[in-house]
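Residue numbers (my numbering), protein chains in the order written: chain A, 1 to 195; chain B, 1001 to 1531.
Glycine included, every Cβ here is placed at the ideal spot set by N, Cα and C.
Report on the structure given below.
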Amino acid sequence: MAAKGRGRGIAAFTFNIEALGISRASLPEATLGPKPLFPDVEYKPVPLSSGEDEEYMLGLKQEMRCTMKRLPFNVTKPEEKAGVERYREMYAQANGKGKRNEWTPEVKKEPKISSSKEKEELLDKLNDLEKKDEKSDEEKGEKAEENEDEDKEEAEAEEYDEEEVEEENDYIASYFEDGDDYGAGSDDNMDEATY
Amino acid sequence: MTTQEVRLCGLLLQEHYGEVVEKVGTHLLRNGALMLRAIAHETSTPLDLVKKSLCVLIQHGLCGFRSGRRGVEYHLNGERILRVLRYPRYIYTAKTLYGDAGELIVEEVLQRGHMTMSHAVRTVADRLTHNMEEGCSMDYSEVVSAFSRLVETHFLQRCPSIAEPSATPVDAVPPVPVAVPTLAENHPDRYTLPQISLKGRGKRRLSSEENEGDERAGKRARLDEDHSESSGDEGIYWQVNFDRFHQHFRDQAIVSAVAGKMDQTSSEIVRTMLRMSEVTTTPSAAYTQPLSANEIFRALPPSYSISRPVLEQYLSLLVDDPVRLLLLLDCGSDLHKALANLARATLESVVQERFGSRSARIFRLLLRKRHLEQKQVEDFAMIPAKEAKEMLYALLSANLVQLQEIPKTPDHAPSRTFYLYTVNPLPTARMLLQHCYKAVANLIERRLHETKENKRLLEKSQRIEAILASLQASGAEPAQLTEVEEMITAPERQQLEALRHHVNKLDSSENQVDETVFLLESYINSTMNTR
Chain A
1 MAAKGRGRGI AAFTFNIEAL GISRASLPEA TLGPKPLFPD VEYKPVPLSS GEDEEYMLGL
61 KQEMRCTMKR LPFNVTKPEE KAGVERYREM YAQANGKGKR NEWTPEVKKE PKISSSKEKE
121 ELLDKLNDLE KKDEKSDEEK GEKAEENEDE DKEEAEAEEY DEEEVEEEND YIASYFEDGD
181 DYGAGSDDNM DEATY
Chain B
1001 MTTQEVRLCG LLLQEHYGEV VEKVGTHLLR NGALMLRAIA HETSTPLDLV KKSLCVLIQH
1061 GLCGFRSGRR GVEYHLNGER ILRVLRYPRY IYTAKTLYGD AGELIVEEVL QRGHMTMSHA
1121 VRTVADRLTH NMEEGCSMDY SEVVSAFSRL VETHFLQRCP SIAEPSATPV DAVPPVPVAV
1181 PTLAENHPDR YTLPQISLKG RGKRRLSSEE NEGDERAGKR ARLDEDHSES SGDEGIYWQV
1241 NFDRFHQHFR DQAIVSAVAG KMDQTSSEIV RTMLRMSEVT TTPSAAYTQP LSANEIFRAL
1301 PPSYSISRPV LEQYLSLLVD DPVRLLLLLD CGSDLHKALA NLARATLESV VQERFGSRSA
1361 RIFRLLLRKR HLEQKQVEDF AMIPAKEAKE MLYALLSANL VQLQEIPKTP DHAPSRTFYL
1421 YTVNPLPTAR MLLQHCYKAV ANLIERRLHE TKENKRLLEK SQRIEAILAS LQASGAEPAQ
1481 LTEVEEMITA PERQQLEALR HHVNKLDSSE NQVDETVFLL ESYINSTMNT R
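Set out below in structure tokens:
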């Protein structure tokens, strides 16, 4: 008996609207759907207070953001090594930017130091080799990746890389062995391009 | 932690400490205390990265550890992460109080979490020397004196140190650590300066010492009590005492409110009273120390030379003020009341800005009169019935006003029930606080979006600036310089300028929303403490 809503007066409310002082006519229309994501505001918001204090704090905030990025506390994930950026990374590590990744909470510090020395040795070796031979980017990539490993594994990789490179194309490797002829005098007085 | 808080914490962690820390941090926030392996497994991050992140978090005091059922569990302190928003305000306060040296000290300690005094002094002296002209250098003693003053006024405090385990270390069950706030017992030790001799110490050892302690013991509890192992300066780390800064901000807010309501002199009186009870009042005290009028009179700054009877008059004014800031009996300040008033003022201004001044009038009315019927609201607010109804329903749908039913009959018949409108300050304050967190998170995201969209342009301008700098350093002609400058076209310059303007606005907004956050948080904490 209480729920007479179905039969008649479908739009009857469960409360007494007269007690609340509203009439049916004054009710707003039924909403059809969710509210807009950025609704219009009736009143403009108060403007930001901008004084000397606020500007100083703004400067502080931005500076702090910058410095936090450079501190060793900013833990970055070592990126997946793509094939391409090898060159830069080698020089970047030699410059000392790699120090960030070197900070790990190890109890024993000694092995860490020696492995970084190893790294430096390897890098020097690589630089020397690079000057002598012509290598592809891939090779350098694989070398830089194997910083932590030992030398002999490195040597193996070198040989393997060379073989791989040799097989990759049709050119006979002997044509491209830089010995004394590499860039030495072949361009003199030649008008046609070298291939 | 609510969703909004977790989201904001994640964004803050990412900005300051990188993605890895953010991932680990949000996972901990969502899932409570976890063990190391669990974290590594569930976030699918390599173990050493997880270790690194946890070390960073512990170093900055964001993460704590305790012994759980099966091992060491790490838990994140979400509230502490939200403090990161307030760092500029802390640094600026230190600057106003203690000058450049104080500012740099606080900045360094905030950036590094924990620091030894000697390290801080040296770094700050280097930075100050860097900014001075050639030939002058900053003396250590000035920096040391600034540091001492910061410690004396409790803005800096010692970190709790690692206690020696009494039982056998690793395999035994580690002692359950005492929760950190046992400050009362250590009051003398927390703020004593060590006898330092400035010898050379490497920077790395700071983090490695902490980490060694963590890793080796792994489960060593950090107790507050026994830090008598301080040897010289090593092992004594200092951190920022946030509660003290918050106390200071609160006092500032009270003083400026009094100044706004009355005049400058009364605000000075209140400031003096608060300053006198600064060091002796614990942060969550309801009342400051009772002070006699004599003491206040003597402690007033000499520039405000008012006579004794005038002081008495001011005091009686403050006591009789309906804000009830001062109590006559003990002449202490009612801090909780003050905070409640400040929070209430914040709520009222929010309503005013969003809904207009008339709705604000209704809101204030409801705050004062607690429960009112529809008809009474119209009468008291002197607003026509129809508009009053609309405004009330707008406030109701925004959840700023609640409806209380009081039935006359047991069957709750609508025609025989009173419907009263009311405002509950505490839940409303909580809701607004969540809105603030959401707002700050949105601001940060928008700023990241803006910088990401214009990344190419930003990088280009950075490169050009670098080129310009190097050219100028090597002494190039003006023609070359202008040529390089012209590499950025005029529309690009405009775009850059607009970007800078937007980013500044967004940053500034974050700072200012944080002020509201501070007020609301203090109010909620003080109310919860009194219950």
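- Between the C-alpha atoms of residue 1371 of chain B and residue 1097 of chain B there is a straight-line separation of about 45 Å.
- Residue burial annotation: residue 1406 of chain B is exposed, with fewer than 16 other C-beta atoms found within 10 angstroms of its C-beta.
- The Cβ neighbour count for residue 1528 of chain B, taken over all protein chains shown within 10 Å, is under 16; the residue is labelled exposed.
- Flagged as an interface residue toward chain B: residue 58 of chain A, by a C-beta distance shorter than 8 Å.
- Annotation: the continuous alpha helix (DSSP H) that includes residue 1041 of chain B extends over 1036 to 1043.
- For residue 1366 of chain B and residue 1337 of chain B, the gap between their C-alpha atoms comes out near 18 Å.
- Residue 1334 of chain B sits in a strand when the DSSP states are folded into three classes.
- Interface with chain A (8 Å Cβ-Cβ cutoff): residue 1027 of chain B is excluded.
- In chain B, no part has a C-beta under 8 Å from the C-beta of residue 47 of chain A; the shortest such distance is about 10 Å.
- The beta carbon of residue 1127 of chain B sits closer than 6 Å to those of 1104, all from its chain and outside the five residues before and after it, given in chain order.
- At a cut-off of 8 Å between beta-carbon atoms, residue 1400 of chain B makes no contact with chain A.
- For residue 1129 of chain B, the secondary structure class from DSSP, reduced to helix, strand or coil, is helix.
- Straight-line measurement puts the Cα of residue 1414 of chain B at about 48 Å from the Cα of residue 1085 of chain B.
- Taking all protein chains shown into account, residue 1157 of chain B has 16 or more neighbouring C-beta atoms within 10 Å of its C-beta and is therefore buried.
- Under a criterion of Cβ atoms nearer than 8 Å, the residues of chain A adjacent to residue 1505 of chain B are, in order, 48.
- If you ignore the 5 residues before and after residue 1381 of chain B, its C-beta comes within less than 6 Å of the C-beta of 1361, 1362, 1365, all in its own chain and listed in chain order.
- CA-to-CA, the gap between residue 1264 of chain B and residue 1073 of chain B works out to about 52 Å.
- Against chain A, the CB of residue 1408 of chain B has no partner CB under 8 Å away; the residue lies outside that interface.
- DSSP places residue 1073 of chain B in the uninterrupted beta strand (DSSP E) bounded by 1072 to 1076.
- Excluding its 5 nearest sequence neighbours in each direction, residue 54 of chain A has C-beta neighbours in its own chain below 8 Å: 48, listed in chain order.
- The C-beta of residue 1354 of chain B comes closer than 8 Å to at least one C-beta of chain A.
- Secondary structure note for residue 1422 of chain B: its beta strand (DSSP E) is the uninterrupted segment 1417 to 1422.
- Taking 7 Å as the cut-off between beta carbons, the residues of the stretch 1084 to 1099 of chain B near chain A are 1087, 1088, 1089, 1091, 1092, in sequence order.
- For the stretch 1450 to 1481 of chain B, the set of positions with a beta-carbon nearer than 8 Å to some beta-carbon of chain A is empty.
- In the structure shown, residue 1303 of chain B adopts coil according to DSSP, grouped into three states.
- Between residue 1061 of chain B and the set B:1110, B:1068, B:1090, B:1094, the nearest pair of CA atoms involves B:1110.
- Burial check for residue 1010 of chain B: the Cβ neighbour count within 10 Å reaches 16 or more, so the residue is buried.
- Taken through DSSP and simplified to helix, strand or coil, residue 1067 of chain B comes out as strand.
- For residue 65 of chain A, no beta strand (DSSP E) encloses it; the enclosing alpha helix (DSSP H) starts and ends at 52 to 70.
- Taking the C-beta atoms as reference points, residue 1519 of chain B is found no nearer than 8 Å to residue 1299 of chain B.
- In its chain, beyond the 5 residues on either side, 1431 have a beta carbon closer than 7 Å to the beta carbon of residue 1399 of chain B.
- In terms of Cα proximity to residue 1387 of chain B, the closest of B:1404, B:1358, B:1403 is B:1358.
- Using a Cβ distance threshold of 8 Å, residue 1107 of chain B and residue 1091 of chain B count as a contacting pair.
- Residues of the stretch 1049 to 1061 of chain B with a Cβ closer than 9 Å to any Cβ of chain A, in chain order: 1049, 1051, 1052, 1053, 1054, 1055, 1056, 1059, 1060.
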